[in-house]
Structure formats: C-alpha cells, structure tokens
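Here the sequence shown is numbered in my numbering, starting from 5 and rising by one per residue.
Where is the CB? At the ideal position from N, CA and C, for every residue including glycine.
Just below is one structure, and these are the notes that go with it.
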Amino acid sequence: MQLLLAQNISKIYHGRAVLDGVSLTINDSDRVALIGSNGAGKTTLLKILNNLEKPDAGSIILSRGVITGYLAQNINLQDLGNNPLMSRELMDAQSRLKAIENALSTKTYTDEKECLAKYAEATAKFDALGGYDFEYRMKDALAGLGLASTDLSRSMDTWSGGEKMRVGLARLIVTKPDLLLLDEPTNHLDTDAMEWLEDYLSHYKGAVLIISHDRRFIDRTCNRVLELSASKIRTFSGNYTDYVLQKKAIEETLSRSIDNLQKEIERQKEVTQTMLSHRKMSSYHAREKVVDKLYDKLTAEKQKAARDNRALSFSLMPQERTGDPNRVIIRADNIGLSFGDKRLFQDLSFTLKAQEKLFFVGPNGCGKTSLLQLLLGKIADFEGHIYISANARFGYMGQFVPFSDEKRTVFDECFQRAEMTETQTRSLLARFGFIDIDVFKSIEVLSGGERSRLYLCCLLQEKPDVLFLDEPTNHLDIASREVLENALSEYNGAIVAVSHDRYFINKCANNLIGFIDSDNVRDFSGFENYRNAYRKHFENCSQAQKPADKPTRAQGENKFVAPFFFKESNTKNKSLLRKENAKRKNRIRELEQLIEILEQEQLEAQEQFTKETKPDEYVTFAKKGEQLDVFIEEYLLLVSEDESDLDDDV
C-alpha cells in the first residue's frame, strides 16, 4: 500500500536549487535511508514531506488516514513539556477527561446528555493518543534508549540535548504512526541504545524514512537507499552494503562508457578524414554530425561522472618520524579513576606504541572521555602511574572544536597557524577539501564537518606524536567519514580515539580498550569481540549475585548502560520469591487479557455512538473506562515490582 507520494519537488534557497524535480514513493513496508552530503537538502526534503516547509514546486500526496511522525535533529526544551513520560497534547487530553469525569461523578453538569457526549469525545481523543498504556510503553522505550526511571524524576531543564532527543524519539515511536520520519535518530546514542533502536525499527509495523550517516545502522534497518546528490534522487535497493556495490557497478559502467565513447570518437574522426580525402562531402558532413553528437554525449557522461565523484577528498600528510615505530609512547600501570563515590575504572594497564591506533569503546558515561583527558594530563587525581616518552607531543580534537577568532577566514586561520607561504597554505587546505572560494569562508559559517577538517588541518601542523580524537566522525557525512577513515588508516603517527561509529572503529582501530563495567575494562582484538564479551558479561550477571557496593545505572549511581537494569540484592527467601513471582506473572497475564478485552469493547462502543445514544449507555461506557484505568494502574504496579524483583535476583 502506498503511504506517501512526492512528485517533482523543487526548492530553491538563495538562488541555489537544493531540490530539483525530486520524486519518491513510500510504501507501508518500506525501511528507507536517505543519504547524501551535508547541505545536500536531506533535512529540507524531510520537512517538506512532513508539511513543515512548502516546496517551490511539486506536490505531496499522503494517503487518506495516514499519520506521520517526525523527529528533528534538535529538539527544543519547550517541545517536551514538564513530564518526560507524556506529551503536552496527551496531558491536556488527560486533564480534560478527568474534569468531565469529575463533573459526571459529582453531577455538577448543566446538561447530562451534552456532558456525556463531551466525555465520549474526550475519551476517544485520549485513547487515540495512546493514553491508557502510553506511560508504561514510554518507560520501556526509554529504558531501551538508555534512560532509567531515576532519570525521569529530574527536572527537564537539567537534561542534556541527547537526553531530550531520546525522550522525543521514545514519544514518537510509542505513538506508532504509520510513517516515521527520523532525522539523525542515532545522534547521542551509544551502542546499546543504537542496537535497541535497530531491533525496534526492524520489527516496526509502519514505514520508516531515516536520514542517517551511520552505515551500520542503515545496514541493519533499511531495505532501500535514496541518495540525494546534485539536487536529484537516485534509488538503490537493499541496505548500505548493497548500495555501495550497486554504486560501484554504476561507476564502472559509466567509466567504460566514457572509454568506449572516446574510442568511438577517434574511429569516427578517422572515417571522417577518409571521407574528406575522397571528396565524399555529403558523407563527410554526416560523419561530422555523428562526431558532434558523440562529443555531446561524452561531455554529458563526464559531467555525470564528476557529479557522482565530487565527494570530499583529503589526506593527512605523513609526519616526520625517527626511531623505532614500535617504541612505547605511553604506558599506563594499574590506573583507576573515580568521581566522588562513582568509580569509572580501576587496575587498568596498557601501552601505546608510536604507530598504534588505540580506540576506547563503551556506553555513554562509562569514562572513555575521562580516560582520554587523564592521558592528556587534564585530570590530576587518579590511581596508578602513567609514563610518557620524553619530548612526546600531543594533539587533541574534542567533540566541539573551538577557534580563537570565528571571523577569520579558513585561509587566514591556516596561514597564521601553519607558518607557510600562501601557495603552500592553499595546497595544504586543498588536501583537506578546501578549494577555490572555500578558503575565503569565515569560520563562523562553516558546517560542523568543515570545522573539524580545518581544526585537524591546523592541528597536524604542530606535528604531534599522538593524535587524540573524541568522536571525530561527529558532523561528518558518509563520504567524509570514509575519506577520514582512509586518511587515518594511512597516518603514520599514533592515534587514541573515542568513538561509537562502528564502521569507523572496524576500519581504523588496531587495538581496543573496552569498558564493560568499572571492574572490567581491558583490551580487545576487535569491536565484535568486545560486544560479545559485553553481552556475555551481563547474561552471566543474571546467574550471580551482584555486589552491594557496586552502584548501578538503574539507581542513577553508575554511568554504565546495561542491556537491562539492576538494583541491590535483597535477602528474601528464594523459594518464597519464586512463588510470589509466579503468582504476580499470572496476574500480569490475566490483566493483559482483561485490558485488551476492555479496550476493544471501549473502541467498539465508541464507534457505535450516535446522537440517539441513550445517556445510560454513556454512563456504562464511563464506568468501564474507570475500570480500565484501575486495571492499567494495577498492571503498571505489578510490572514495576516484577522488574524490581528480576533485578534483585541478579
């Protein structure tokens, strides 16, 4: 079934065509990735599809009754309201429903029939918004995305951008729209949360259109790829890996076509000269026209090839190195780090060699960036010892790259920091993708990816022995990430990096330090080995008692995300606990059936309401609604207790 049809969409910004005659179709089973370079117009297209922007030309046809849900890259605080578990619209609907229920129970209405009609309308709206089970579905979704129940009690104005984004994402997916439109949904998510989202979207009953630069995420969730390039859309079947193979085949075909055209032009020119020498003028002119057409076709094919291969290309200049490439630059012996009562890691030992690429991997908040800062000498209070090679020079690029003067041009920034001639500076900037007028852009107008490239360009002129990178692929589109991967793979200095980008890690890292919990931080030979060990650790935890002195994520005391959440063990008799758990699980199953039956009855009753419906039928409907609320409240309480005792058994 077709959900959405976009026909010949065009959009112009400041005289530049961002979208030019773009057409696409979304069907009910589609999992579509929208990819393209930064600034290509992906977000603009998504907003147009969600009717948040108007196209300059073209039309959007949404099938009757189709509900869309949209997640923007940046969520404003006011969009979330004060209750993370309920949207403002749902809270308003709940307040109205309770007010009418109060009027019915106290008989303070002026017109009973009118009040009952309003109650039916308010109930229908509350139910349509998922009101009866919205809260417990939100808790499940937020837990999967890495927010524990203790996080939900905090004031919303203390939440980070990543936390707000997760609340917005959770609200969106639990409302189950027919078509999800997601703009960079994996921003701010660690690996656990990304894998949860991948699994959720893979089983989602509606259609999904996702803007993403996360290649692993696209591979695991999408069955079609739309590439937005040069204001046009091209469609590829399959996931990202399939897209790469198809794109390569297209480029090879195009290259052969250009070669064949050039050969044919040379052959036709020889034939033309033969015609001219034999004074066959009519044939000569006919051949000339053939050659002209071939030239036109060749020009078009070359332009197409240039458009398809205009991706960013930059490389890191080899650093001048002396000495043994296997010499140790950094050695850490039994180091540990805590903040107050919160231990991040302990007894960690490792070495960094002169050309090694060492990555720190783990969930959000586990201490990866803190370990990076510790090695840079920015944290003084730690356990153990760190030994650094004499005269070793460090370079650091964090998640946010600062410049002392945002008004400077790209050229001026590099020229002043690199101490080169103007020609050398231009040549250097070209290696990092800044060519022609790009070098005269002021820093303040650069995209996030351009800022990162410029910062890295200047940083490398200091010739560091070790390059420290904190989430270096943030703000980069797919093409830029792949070029950075190639550049770092060829770089002959040492690299220490923090990243959640699984493709990037697999391509560049030759050693990993993986965070499992504060007692288990160690080296791994590859990212999949780390993830397998991480999962196995938490599976084993379910069979062993958890030490009481180890704070946990569910208590809000630990910065580790687990596939599930834990609380302190208790000393209840295990046999009695098993009996209570079995009784509670039976009641939960019973309540699930009762809730499902009542919800269906309420829905059927709603559909039969007319102007002739008798008041006592509305009263019956209201009473069933109250009973449904009681069942849901009991269900939520029992589920919460069940989760609590599950954690206690760990």
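Helix or strand or just coil, what does DSSP make of residue i?
i: H207; result: coil
i: G344; result: coil
i: Q11; result: strand
i: Q559; result: Only weak support exists for where Q559 lies, its pLDDT of 33 falling under 50; the value from the coordinates is given anyway. DSSP places Q559 in helix when its eight states are reduced to three.
i: T624; result: helix
i: H541; result: helix
i: Q250; result: helix
i: I439; result: coil
i: S573; result: With a pLDDT of only 32 at S573, under the threshold of 50, the placement of this residue in the model should not be trusted, and no figure is reported.
i: L450; result: coil
i: R591; result: helix
i: G145; result: Checking the sequence, you will find Ala at residue 145 rather than Gly. Helix, per DSSP.
i: Q428; result: helix
i: S235; result: coil
i: I383; result: coil
i: Y495; result: coil
i: L151; result: coil
i: D521; result: strand
i: T127; result: helix
i: L650; result: Because the pLDDT at L650 is just 49, under 50, the model does not fix this residue reliably, and the point stays unresolved.
Give me the DSSP bridge partner(s) of residue i.
i: L356; result: I334
i: F528; result: L516
i: Y74; result: L185
i: E167; result: Paired residue(s): none; E167 is not in a bridge.
i: V500; result: L362, F472
i: N31; result: Q6
i: T114; result: Beta-bridge pairing links T114 to no other residue.
i: H192; result: Answer is none; H192 lacks a bridge partner.
i: T257; result: DSSP, once it has assigned bridges, lists no residue as partnering T257.
Report the option in the options whose CA atom is closest to the CA atom of residue i.
i: N478; options: V405, K382, N514; result: V405
i: D60; options: G69, L49, S67; result: L49
i: S67; options: I104, L8, W200; result: L8
i: G371; options: S408, M142, R238, V502; result: V502
i: K46; options: L213, D505, A422, I392; result: L213
i: A174; options: L201, E387, I39; result: L201
i: N368; options: G518, I39, T72; result: G518
i: N31; options: L184, L516, V525; result: L184
i: T245; options: L265, R219, L230; result: R219
i: E596; options: F419, L249, C512, Y639; result: Y639
i: K15; options: S27, T303, T110; result: S27
i: D194; options: L151, K357, I447, L362; result: L151
i: P329; options: Y495, L341, L230, Q350; result: Y495
i: A37; options: V525, I482, H541, I636; result: I482
i: F444; options: L471, L473, E410; result: E410
i: N43; options: E57, L232, Y204; result: It is Gly, not Asn, that sits at residue 43 in the sequence shown. That would be L232, whose Cα lies nearest to the Cα of G43.
i: G3; options: L379, I269, A434, T127; result: One cannot answer for residue 3 here, as it falls past the ends of the chain, which runs 5 to 654.
i: A498; options: F531, L120, F542, L473; result: L473
i: D131; options: Y534, F635, Q606; result: Q606
i: E125; options: K58, F138, D137, I104; result: I104
i: Q6; options: I64, E57, L23; result: I64
i: D263; options: L230, R591, D296, T303; result: T303
Contact check, residue i vs residue j under 8 Å by CB: the rounded distance?
i: G210; j: P189; result: So it is not a contact: roughly 15 Å between Cβ atoms.
i: K348; j: A336; result: Residue identity check: residue 348 is Leu in the sequence provided, not Lys. Actually they do not touch by this definition, with Cβ atoms about 14 Å apart.
i: D34; j: N227; result: 7 Å
i: A396; j: Q465; result: With a Cβ gap of about 17 Å, A396 and Q465 do not count as contacting.
i: L471; j: G399; result: 5 Å
i: S446; j: T413; result: 6 Å
i: I177; j: Y204; result: 6 Å
i: D527; j: F354; result: 6 Å
i: G437; j: L480; result: That belief does not hold up - the Cβ atoms of G437 and L480 are roughly 11 Å apart, past 8 Å.
i: F419; j: L516; result: The pair is not a contact, with the Cβ atoms about 38 Å apart (cut-off 8 Å).
i: F531; j: R506; result: 6 Å
Following a CB-centred definition, is residue i positioned closer than 8 Å to any heavy atom of the ligand FMN?
i: G19; result: Here there are no bound small molecules, and the ligand FMN is not part of this structure.
Assess, as a yes-or-no matter, whether the stretch 138-150 is touched by the stretch 112-123 under the definition of 3 or more beta carbon pairs within less than 8 Å.
-> Not touching, per the Cβ criterion.
Give a yes or no on contact between the stretch 419-432 and the stretch 372-392, applying the rule of three or more CB pairs nearer than 8 Å.
-> No contact exists between the stretch 419-432 and the stretch 372-392.
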